[in-house]
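Chains W and X supply the protein sequences, listed in that same order.
Under my numbering, read the first sequence as residues 7 to 437, first letter to last.
Under my numbering, read the second sequence as residues 218 to 387, first letter to last.
The beta carbon of each residue, even a glycine, is placed where N, CA and C say it ideally should be.
Working notes, structure below.
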Amino acid sequence: MAMTLAEKIFKTHLKDEPFPGTKVLNIDVVLCHEITTPIAINDLVARGKDRVFDTNRIKVVIDHVSPAKDSQTALQGKILRDWVRRHKIKDFFDIGQNGVCHSIFPEKGFIRPGNTVIMGDSHTCTHGAFGAFAAGVGTTDLEVGILKGVCSFRDPETIRVNLNGRLPEGVYSKDLILKVIKTLTVKGATDCVIEFHGDVVKGLSMESRMTLCNMAVEAGGTSGVCMPDEVTLDYLWPFISGDYKDKKAALEEFKKWWSDEGCKYAKVVDIDVSDMEPQVTFGYKPDQVKNVTEMAGTLVDQIYIGSCTNGRMEDLKIAASYVKGKKIAPLVRAIVSPATTEIFRQAEANGIIKIFLDAGFCVTNPTCGACLGMSNGVLAEGEVCASTTNRNFNGRMGKGGMVHLMSPAVAAVTAIEGKIADPRKFRKEAI
Amino acid sequence: MEKIIKGKAFVFDANIDTDQIYPGRFLDLTDPEDVAKHAMEGADPNFVRTVKKGDLIVASTNFGCGSSREHAAVTLKAAGIGAILADSFGRIFYRNAINLGIPAIVCPDIRSSVSKGDLLSVNVASGEIINETTGAILKAQPFSPYVMSILDNGGIKSLVKGQLQEQGLK
């Protein structure tokens, strides 16, 4: 029977089917951070079950408030650190080596095609970019995952999104996913996996594919998914070269996960991107999306470039290409937060950090802080932020603040203009 | 759990996200009593001052969309909410609520049938909802036997604990 990628992963990871429609899956990788995991740890300790299913398959980072902003967030970090030491979990990334979870874990090569991945974080869907089934879960499910290495899910339905045509200048993967969310609506993919197909997706880098899959949850999706191909292989090769005879053999293995011809989709959406404009959100929901020409001129107080959506090297390069040699507008403030320590290091080495500093940006260490209104760039009531993050929910970046979601390109030219601007009207400099 | 839950309705529109149910700036709190103080703060700052044990949340589509933070379910449970009735739910929130033993009841068109302050009588097992203020009767999607057993035990952890004790395991 023809199967989707998610159905194949469910079949190969099936541990139990306690009743029709619900499947208990073996989990390959359990990811942890300091906001949702400490509650699970405390509960396991209180119940006398302070154990982990496999120290090698639990990956841990401190990222949400990094460094800690007060004694309460310091305690969250401490609970996580003590647990990591107690169980000798080797893949732990503390401040100084850390990064935003959905950037650093792929960077370390932890996610492979066909994997099942859970984390107490809704943007776990990012890792589907590697052809994995990756889903955000609550703390209770995370706790079970840590203890037993399993998690139950409903049978997955899949929505297929075909992105075809030629990606216009100034339009990037962030614009694509905003367009997809606008098309599907914020609840259109609830309980579904979203598969991204088409010539445009084939031509995207892994970083761009992660941006695409990262926001699948904003349409309600359980996981975003791309078919693992040569691009996936090149990204993962440094980590997996010892596991295969050659690249050809690895690619053949990857292709086994591809959705079969004739598999069943809940819905198929076709989008031609050739005439697309850069996209910007205007309200408190991620499906409230307009063309940049309709939003141009909107005044902003802060520009934020970073997060698990758009804080990767490719994003910083794109933003820097617009910022190079220019200054941010008077009376606005701009923050750039490289998503991982390694990205920070590379951006320092290739002069990108200097471009931002010279333009008047504040460069912060890697953290999720501002995106969810916890630290490092929270808004005051009535303030407006042009942001490359993933959520514009009311109060998300601070009570009474307004967030306009956009690509790093739109954010960069908005910093220069002090109001939302169209990157297609700006010259890009070579980086 | 009690077969019939009776309570006063607090009503909300579509797409009440987790940041409205429980704002991110309070994610450093872990004690349910502290977490309860910020229930629904982003959507209705007066909620915690007026909500009483056993009251109900009635919402339109996609209630609880957004973050995986279990704080959003913890805060409603600790605030004493008897059940959440919505046209539909976000996936992770729905799962978290059931895991904690909160009846998260899917009932299409519930929002349009209930006004703020209406007294509702909810039969969790059969899915029958009576709006005692208006007399309207609605039918929710009934829970599977397994979900009912989670709710009856006050959450999945209590259910599993009970099962293990029965088997003589710890």
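Exposed or buried, what is residue i when buried is set at 16 or more other beta-carbons lying within 10 Å of its beta-carbon?
i        : result
W/Lys185 : buried
W/Arg160 : exposed
W/Ser214 : buried
X/Ile221 : exposed
W/Asp69  : buried
W/Gly126 : buried
X/Lys294 : buried
W/Lys330 : buried
X/Glu349 : exposed
W/Phe245 : exposed
W/Gly134 : buried
W/Asp205 : exposed
W/Asp88  : exposed
W/Pro24  : exposed
W/Gln308 : buried
W/Gln285 : buried
Give me the chain X residues within the contact set of residue i, using Cβ-Cβ distance strictly less than 9 Å, ordered along the chain.
i        : result
W/Asn382 : The premise fails here: W/Asn382 is roughly 13 Å from chain X at the closest Cβ pair, so nothing lies under 9 Å.
W/Ile45  : Thr247, Glu287, His288, Val291
W/Gly312 : Neighbours of W/Gly312 on chain X: none; closest Cβ ~16 Å, over 9 Å.
W/Lys360 : By Cβ distance, chain X contributes nothing, its closest Cβ being about 32 Å from W/Lys360, past 9 Å.
By DSSP's criteria, residue i is part of a beta bridge. Which residues make up the other side?
i        : result
W/Leu305 : W/Lys425
W/Leu278 : One point to set straight first is that residue 278 of chain W is Asp, not Leu, in the sequence displayed. W/Asn170.
X/Ile221 : X/Asn340
W/Ser393 : W/Tyr310, W/Leu411
W/Phe159 : W/Lys29
W/His203 : W/Asn168
W/Gln294 : Beta-bridge pairing links W/Gln294 to no other residue.
For residue i, tell me which candidate among the options has the shortest Cα-Cα distance.
i        : options                                : result
W/Asn316 : W/Phe25, W/Lys296, W/Val342            : W/Val342
W/Ile124 : W/Lys114, W/Ala138, W/Glu113           : W/Ala138
W/Arg351 : W/Asn371, W/Asn382, W/Leu337           : W/Asn371
W/Val106 : W/Thr395, W/Gly406, W/Trp243, W/Lys425 : W/Thr395
X/Val228 : X/Val268, X/Leu244, X/Arg242           : X/Val268
W/Tyr290 : X/Asp272, X/Asn340, X/Ala253, X/Gly259 : X/Gly259
W/Ala140 : W/Val286, W/Asp278, W/Val36            : W/Val36
X/Pro320 : X/Ser343, X/Asp335, X/Thr350           : X/Ser343
X/Ile274 : X/Gln380, X/Leu376, X/Ala231           : X/Ala231
W/Thr191 : W/Phe260, W/Val30, W/Met221            : W/Met221
W/Met282 : W/Ser179, W/Ala326, W/Ile324           : W/Ser179
X/Phe264 : X/Asp304, X/Gly334, X/Ile373, X/Asn313 : X/Gly334
W/Ile437 : W/Gly357, W/Arg172, W/Asn62, W/Lys17   : W/Gly357
W/Val295 : W/Thr164, W/Asp266, W/Arg397, W/Val67  : W/Arg397
X/Ala276 : X/Ser329, X/Gly297, X/Asp248           : X/Ser329
X/Gly371 : X/Ile233, X/Ile301, X/Ala314           : X/Ala314
X/Phe243 : X/Glu383, X/Ala256, X/Phe280           : X/Ala256
Would you mind telling me which residues of chain W sit closer than 9 Å to residue i, beta carbon to beta carbon, in chain order?
i        : result
X/Asp234 : Val192, Tyr290, Lys291, Arg397, Phe399, Asn400, Arg402
X/Asn313 : Val143, Gly144, Thr145, Thr146, Asp147
In chain W, which residues lie with their C-beta within 8 Å of the C-beta of residue i?
i        : result
X/Asn316 : Gly144, Thr146, Asp147
X/Gln237 : Phe399, Asn400, Gly401
X/Thr278 : Lys193
X/Pro240 : Gly379, Gly401, Lys405
X/Ser305 : Lys193, Thr196
Could you name the residues of chain X that residue i contacts, counting a contact when the two beta carbons are closer than 7 Å?
i        : result
W/Ser128 : Gly283, Ser284, Ser285, Ile309
W/Phe25  : Ser361, Tyr363
Along chain W, which residues have their Cβ under 7 Å away from the Cβ of residue i?
i        : result
X/Ser375 : Within 7 Å Cβ-Cβ: nothing; X/Ser375 doesn't reach chain W, min ~11 Å.
X/Leu392 : It is not possible to answer for residue 392 of chain X, since the shown part of chain X is limited to 218 through 387.
X/Gly259 : Asn400, Gly401
X/Thr350 : Per Cβ cutoff of 7 Å: no residues; X/Thr350 is ~28 Å from chain W at best.
Below 8 Å on C-beta distance, what does residue i contact in chain X?
i        : result
W/Asp197 : Arg308
Please confirm if residue i has its CB atom under 9 Å from at least one CB of chain B.
i        : result
X/Ser330 : The chain inventory of the structure shown lacks chain B, comprising the protein chains W and X.
According to a CB-to-CB cut-off of less than 7 Å, which residues of the stretch 69-98 of chain W neighbour chain X? Flagged, chain order: Gln78, Thr79, Gln82.
Contacting positions in the stretch 224-237 of chain W - beta carbon closer than 9 Å to chain X: Glu224, Gly226, Gly227, Thr228
Interfacial residues, the stretch 402-417 of chain W to chain X, with Cβ spacing under 9 Å: Under the 9 Å Cβ criterion, the stretch 402-417 of chain W contributes Arg402, Met403, Gly404, Lys405.
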